[in-house]
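Just below is one structure, and these are the notes that go with it.
There are 2 protein chains.
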Amino acid sequence: METTQLTDQRADQMSAAERRRRELLEAADRVVLRDGPGASMNAIAAEAGITKPILYRHFGDKGGLYAALATRHTDALLASLRAALDAPAARRERVEATLDTYLAAIEARPQVYRFLMHPAEGSPGDSGFDVGRHSAPLLRRMGEELAEVIEERVDLGPGSQQLARVWGHGIVGMMHAAGDWWLGERPCTRAELVQGLADLLWGRLAAAGDKAGGPGF
Amino acid sequence: METTQLTDQRADQMSAAERRRRELLEAADRVVLRDGPGASMNAIAAEAGITKPILYRHFGDKGGLYAALATRHTDALLASLRAALDAPAARRERVEATLDTYLAAIEARPQVYRFLMHPAEGSPGDSGFDVGRHSAPLLRRMGEELAEVIEERVDLGPGSQQLARVWGHGIVGMMHAAGDWWLGERPCTRAELVQGLADLLWGRLAAAGDKAGGPGF
DNA sequence: TGCAAATGTTACCTACGGTAACAGGAGTCT
DNA sequence: AGACTCCTGTTACCGTAGGTAACATTTGCA
């Protein structure tokens, strides 16, 4: 196997151990993307052409491997989100661009998304593999990131820092849940979803009138 | 092989099978709330005073048991949410009441919350995602429920049904993520969180001005 | 009484995460 | 050279989990 394609770092300056670790991570990535989040350590080892104990020497336990794997993807996603978020544009455009960036990412690589957001818990009795250690970090990091941008660029008056964090996590959760639902059912185009969510954030819920002939009111 | 001999009993009396099933479910509930979502079938059987195969005869597999367990709590939570949602009050008050109901529920019983939000759907050899198939996650049901209420009571013009679903899932996700973060860090009171989220939904993000001296803008 | 169904058991299987214990190869120090 | 260490790699094994087969027992009812 000559899969020497390294993503960004310079291979000639990496120690052998680091290069090996990277190879293993890429093999793990292939397996996880093929077999889903429940991929077994044996399968990953087989894909890498080696056996289990080596994986354990490199990553400690399954949680370590999955954390390393998740970190790569979350960092990449966060970087692109930050770009959309920090763009010099009007607020609504930034919001729409960020929503679209996120949705495009999960649309382009749903397997990665499923791995990051819905890790397998395949072995309930395990020692220390918890969803909170993987999916929560991504959502939390996105929420904190967004909170910083809000607090930095939006004038919210007193208590702004706390409010910005509430909004950051809330908006991220909105994006995540809507994206998850959308990815499963595909009830509309991505652009329509982005518009709908942006409209929601822009107060259209408050502005809309009551429906005539509502039940019992 | 399936006959109706059990259903022809009087409706006001539960069959022995149903009573047994209920007992098992309550035992499972105790164990799950004590040991977390990773509770083993053996532990549940022991708590119920019986052995594994009986559980499997009643619920098929672990997923079945967990689905039955989740359904009970989900139904209870959804009922109280629906009450807040359908109250004859102004929209903002209904929104705040619903948010508060949800947050109060997860605050009162975080164990139940953790179980519902992270159900151990780990099925060996899953090779994909059956999410939304057997154990319709709580978030989805809440999203659909909210969408119905929105579509029913809010005048959204053309495309209202689709937009209502987008908003339903989005708002539920916002509530969920903010609640999850809040439950972990407790950065403010419940009432403050409710106000912050309601303000967000009421378009305060769009109404707020840009902050003076923002970076590069 | 007899018979079928439901309830219960023990014992076992497979698969997974995780861990010894051991075998070689490449440098390195004396 | 030889010994010493570090890294890679192996086979074999353990404990526990989900899930099932086969057998024993009670129950309900014609």
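So the sequences go chain by chain: A and B.
In the numbering used here, each residue carries its 1-based index in the first sequence increased by 72.
In the numbering used here, each residue carries its 1-based index in the second sequence increased by 72.
Glycine included, each C-beta is placed from N, C-alpha and C at the ideal position.
If you drop the 5 nearest sequence neighbours on each side, which residues of the same chain put their C-beta closer than 7 Å to that of Arg-213(B)? Thr-146, Leu-150
I want to verify the contact list: residues of chain A whose CB lies under 9 Å from the CB of Lys-124(B), in sequence order. The contacting residues do not exist; Lys-124(B) stays about 14 Å from chain A at best.
Residues bridged to Val-226(B) (per DSSP): Asp-282(A)
Give the residues from the stretch 156-185 of chain B that approach chain A closer than 7 Å (Cβ to any Cβ), ordered along the chain. Pro-160
Would you identify the three-state DSSP class for Ser-232(B), choosing helix, strand or coil? helix
Three-way DSSP call (helix, strand, coil) for Asp-198(B) in this model: Because the pLDDT of Asp-198(B) is 33, which lies under 50, any placement of that residue in the model is unreliable, and the number read from its coordinates should be weighed accordingly. Reduced to three states, the DSSP call for Asp-198(B) is coil.
Can you pull the chain A residues whose beta carbon is under 8 Å from the beta carbon of Arg-212(B), in chain order? Trp-253
What's the C-alpha gap between Arg-262(B) and Arg-163(B)? 19 Å
Residue ranges of each alpha helix (DSSP H) run of no fewer than 4 residues wholly in the stretch 114-196 of chain B, ordered along the chain? 124-131, 134-157, 163-180, 182-189
Touching by the beta-carbon criterion (3+ pairs, under 8 Å), the stretch 131-142 of chain A and the stretch 158-172 of chain A: no
Presumed contact (8 Å Cβ cut-off) between Ser-152(B) and Thr-173(B), rounded CB distance: 6 Å
Please determine, among Arg-129(A), Glu-257(A), Pro-209(A), the residue with the shortest C-alpha to C-alpha distance to Glu-179(A). Glu-257(A)
Leaving aside the five residues before and after Leu-240(B) along the sequence, list all residues of the same chain whose C-beta is less than 7 Å from its C-beta, in chain order. Reading off the sequence shown, one finds Gly at residue 240(B), where the question assumed Leu. Once the five neighbours on either side are set aside, the close Cβ partners of Gly-240(B) are Gly-215, Glu-216, Leu-218, Ala-219, Ile-222.
Counting only C-beta atoms, is Pro-259(B) closer than 8 Å to chain A at any point? yes
Have a look at Ala-236(B) and Leu-157(B) and give me their C-alpha separation to the nearest angstrom. 15 Å
Residue burial classification, Gly-121(A) (beta-carbon count within 10 angstroms, cutoff 16): exposed
For Ala-249(A), which three-state DSSP category applies? helix
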